[in-house]
Every structure is written in structure tokens, then in C-alpha cells.
Amino acid sequence: MRSLHLRHFKSGLVVISMIIATIIVLLPLCFIFVNIIKMGLSSLSPEFFTSIPKPPDESGGGVANGLVGSGIMLVISSLIGLPIGILGAVYLSEHRHGTFASFIRFCADVLAGVPSIITGMVAYVLVVVPFKSFSAIAGSVALALIMIPIVLRTAEEQLKMVPDTLREASLALGVPHWRTSLKVILKSAMGGVITGILLSVARIAGETAPLLFTALGNQFWNWKLMQPMAALPLQIFNFAISPYDGWHKLAWGGALVLVIIMFSINLAAKSFGRR
């Protein structure tokens, strides 16, 4: 009986410790959310979403060009990074034990751990220097380099969960190996693959450091992909370090919008993950 009470005491102590640890982790997160909502909510208005930033001596303005610029670069980076990441994941799932596959996994893990500012410097050398101009394309390349390892490793783990019997059944019916990989295996794991895609998009949506070396930013509307383009994280950074109160207000509003976007993407990813 005494040992039973002792086990209950230890179990309760561990549960209480876990609850305390969870609260300690959540407190800073809640503080950040509350502070951003408190400071940024007053900045949100129709003008905030439809206007470009105004000069420092004028009140009002918005971040419409940053929202559009971020959307453009996210689309281009997805067009670059998603096919490479998904097809690479298919290759790794079909050749799990090869030397080349192990090398690819190692490179992907290293690339995923590289600081984003270094990725921006690489994109600067690869795109900005040859074309002699900061541009949206350069920013998209930098974001794609961050996206590729996340999509590749996430999709690979999801493809590994597809039963081998499904692959064997498809091959037994005479379906070519490449079509089995793309039409059967990839389709069966599509829910998990989409989850990885959304998580990678949420990751790159808030990146600022790579864009400082590539897209540079723009205070005005610009639709030319080979010229500097505004992005919401860049605007938040530039407004936050400025000495003007009006721009500080825009920075808090932009931060709130960015948090809402990333929170929504993560919720969508969890929804696909449950499926």
C-alpha cells in the first residue's frame, strides 16, 4: 500500500511539473501575442490595406505594396522550391538506402540549419551580382532555398508512411515505376505533403534577413520582377528602426497582420495533418 501511494505521489509530481513547464513556455508566447494585438490593432483600417506608406511627416498610410510584394515573392519561391522539394522527396522515398540518397538527406539537413541571412548572401551572389540589381526574383530565390529542405524532409517522412503493399500492388498491375511513385504513392500521402508545404510557406512568410540582401524593399508600387520590391517583413523592419512615430505605428500593424497570416497558415497545416 505504501509503494502504491508513493507511485501516485511521483505520478502527480511529474504531472504538476509538466503543467508548470507548459505554462512557462506559453507565458512568453501569450505576452507577445497580447502586446502585438494591443499595439497593432489601432493601426488597422481600410487605408492600411489599400495605401502605400506615406512620408514620415504625414499621418496615415498603409502597407498595401508590402502585402502584394510578399504575395508575389511567395508565389515565385513556391514555383521554384516546391517541385524540387517534392520530387526530391519522392526520389528519397524510393531509394531510401542509397549512398546518394544519404548524401541528399545530409545536405538538406545542413541547408535547413543554415541561418537565413547566409541564405540571403548566397542568393545575392547568385542573382543580384550577375544581374547588377536587387530584385523580387532574387528575393524569391533566397526564400526558395529556405523552403526546399523543409518540404523535402517533411514530404519524405510522409511518403515513407505509405504501405509498401500499395506500391507492390501497383507494380504488379503493370504500372510503370515512375507512375506508381507519382500517381499512387505521392497521391496517397498528399495530405501530409500539403501540411509540409504550408509549414514551409509559413516559415518563409516572415523571413526578413534574406530579403535585405536580395529584394531590398521599395516604398512605392513596383510590378517589375527584376527591380527592388516591397515585402511586409522588410517594411516592418524598416519602420521599426526608424525614428518616426507614424512609421512605428505602421510597423506594429504590419506585425499583427503577419502574425495573423502565419497563424492562419499553421491552422490550415494542422487541419491537413489531421486528414
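Quick note: the sequence shown, position 265, residue 248 per this note's numbering, numbers continuous. For glycine and all other residues, C-beta sits at the position ideal for the given N, C-alpha and C. Keep in mind the model is a prediction, meaning the values are calculated, not measured.
Give me the residue from the options with the minimum Cα distance to residue i.
| i | options | result |
| --- | --- | --- |
| Leu215 | Tyr227, Trp206, Ser225, Ile244 | Ile244 |
| Met104 | Leu126, Phe83, Val167 | Leu126 |
| Thr33 | Met22, Leu154, Val51 | Val51 |
| Trp22 | Phe255, Ala234, Leu241 | Here the sequence assigns Met to residue 22, which means Trp is not the residue at that position. Comparing Cα-Cα distances from Met22 to each of Phe255, Ala234, Leu241, the minimum goes to Ala234. |
| Pro132 | Ser99, His(-9), Thr5 | Ser99 |
| Val134 | Asp147, Ile6, Ala119, Ala185 | Ala185 |
| Lys37 | Thr148, Tyr227, Leu241 | Tyr227 |
| Ala91 | Thr163, His80, Ala72, Gly81 | Ala72 |
| His78 | Ser164, Leu(-11), Lys207, Ala192 | Ser164 |
| Phe31 | Ser(-14), Val46, Ser116, Gly157 | Val46 |
| Gln141 | Ser116, Leu169, Lys115 | Leu169 |
| Leu199 | Ser116, Val167, Gly179 | Ser116 |
| Leu27 | Gly44, Leu62, Ile6, Leu109 | Gly44 |
Quick check on residue i: buried or exposed, where buried means 16 or more other Cβ atoms within 10 Å of its Cβ?
| i | result |
| --- | --- |
| Ile129 | buried |
| Gly122 | buried |
| Thr197 | buried |
| Leu194 | buried |
| Ala144 | Note that residue 144 is Met in the sequence shown here, rather than Ala. With fewer than 16 Cβ atoms within 10 Å of its Cβ, Met144 is classed as exposed. |
| Trp230 | buried |
| Ala1 | Going by the sequence as given, residue 1 is Met instead of Ala. So Met1 ends up on the exposed side. |
| Ala152 | exposed |
| Gly96 | exposed |
| Glu41 | exposed |
| Ser(-6) | exposed |
| Ala155 | exposed |
| Phe222 | buried |
| Lys232 | buried |
| Arg(-10) | exposed |
| Met212 | buried |
| Val111 | buried |
Along the chain, where does the alpha helix (DSSP H) containing residue i start, and where does it finish?
| i | result |
| --- | --- |
| Arg79 | Unbroken run through Arg79: none, as it is neither H nor E. |
| Ala185 | 173 to 188 |
| Ser153 | 147 to 155 |
In the DSSP output, which residue or residues are listed as bridge partners for residue i?
| i | result |
| --- | --- |
| Met212 | Leu199 |
Alpha helix (DSSP H) runs wholly inside the region 90 to 141, at least 4 long, in chain order: 99 to 106
Minimum length 3: unbroken beta strand (DSSP E) runs contained in the region -1 to 80: none
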